[in-house]
Amino acid sequence: MKNTSKIAILVMAAGAASRMQKVKQLLPWKGSNLLSHTLKTLREVQKQHLYIVLGANYDAIFKQIDFAALSASIIHNTSWEKGLGNSISCGVAHILNQDEAYEGILVCLADQPLMDTAYYKAMISEFQRKNHPILATKYAAKAGVPALFRHDVVTELTRLDADTGAKKVLAKYKEAIYIFDAGARITDIDTPEEYQKLYEQYN
404 MKNTSKIAIL VMAAGAASRM QKVKQLLPWK GSNLLSHTLK TLREVQKQHL
454 YIVLGANYDA IFKQIDFAAL SASIIHNTSW EKGLGNSISC GVAHILNQDE
504 AYEGILVCLA DQPLMDTAYY KAMISEFQRK NHPILATKYA AKAGVPALFR
554 HDVVTELTRL DADTGAKKVL AKYKEAIYIF DAGARITDID TPEEYQKLYE
604 QYN
């Protein structure tokens with residue numbers, strides 16, 4: 404795989420996860436927690452240009468995780484209540500204001516612990532080999548995140564401001580999206596029951 408230094412990685416961890424009734428980002432996983440596990444996985448992909456958007460429970464998360472040790476730059480979205488789209492917009496705008504000129508931005512979620520280094524590396528490798536406008540992950544009836552957006556597409560993400568994530572941009576480029584199949588890596592951790600089932604299976 405090529406050097407990934409021109410890819411920015413953006414981890415979305417700003418939501419309140421109200422159905423979970425706990426701070427989902429800090430739920431135990433593999434000896435740490437969901438968010439730390441995700442960041443450690445991504446650090447194995449590349450050791451720099453890793454950004455994370457925090458919002459709800461900012462203080463609790465900041466106290467529990469050593470972001471400096473994980474080489475992760477924090478973006479604090481104070482309007483996180485507006486939804487995932489708003490947090491993506493906030494994070495992408497911050498990245499675009501940096502001095503670096505990135506080839507693309509890989510948008511990930513903090514609550515998909517089965518996504519592994521091999522999958523992320525495969526996405527980046529395919530992106531750099533073919534220069535697709537968007538690479539997205541296959542779901543039952545749609546394309547979703549993790550998704551990698553080329554530099555000339557990411558500016559459209561700054562205009563998102565709803566709780567539908569990047570759905571609008573993915574729909575616009577539907578015919579140009581390269582789809583990756585994550586198979587059993589796809590997880591859905593929205594309730595205590597879903598988390599407990601996954602935890603017992605993989606921990």
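Residue 431 in this note's numbering is what sits at position 28 of the sequence shown, and the numbering runs on without skipping anything. A virtual CB, placed ideally from N, CA and C, is assigned to each residue, including glycine.
Under the 8 Å Cβ criterion, the stretch 498 to 511 does not count as touching the stretch 481 to 489, having fewer than three qualifying pairs.
Around the beta carbon of D469, a 10 Å sphere encloses fewer than 16 other beta carbons of the protein chains shown; the residue is thus reported as exposed.
Remark: C-beta atoms of D584 and K541 approach each other more closely than 7 Å.
C-alpha of K443 to C-alpha of K425: approximately 22 Å in a straight line. Annotation: I592 is outside any beta strand (DSSP E) and is labelled neither H nor E by DSSP. DSSP assignment within the stretch 491 to 516 yields no whole alpha helix (DSSP H) run of 4 residues or more.
Residue pairing for F552: DSSP places it in a beta bridge opposite I508 and I537. For Y542, there is no enclosing alpha helix (DSSP H), as DSSP gives it neither H nor E. Boundaries of the beta strand (DSSP E) harbouring V456: L453 to L457, taken from the DSSP string. Taking each of E559, A513, M526 and Q451 in turn and checking the Cα distance to S492, the smallest one comes out for E559. Just so you know, the alpha carbons of T561 and K485 end up roughly 14 Å apart. Within the model, the alpha-carbon separation for V495 versus I508 is close to 8 Å.
Between G458 and D564, the C-beta spacing is not below 7 Å. Sixteen is the threshold: when 16 or more other Cβ atoms of the shown chains lie within 10 Å of the Cβ of I592, as they do, the residue is buried.
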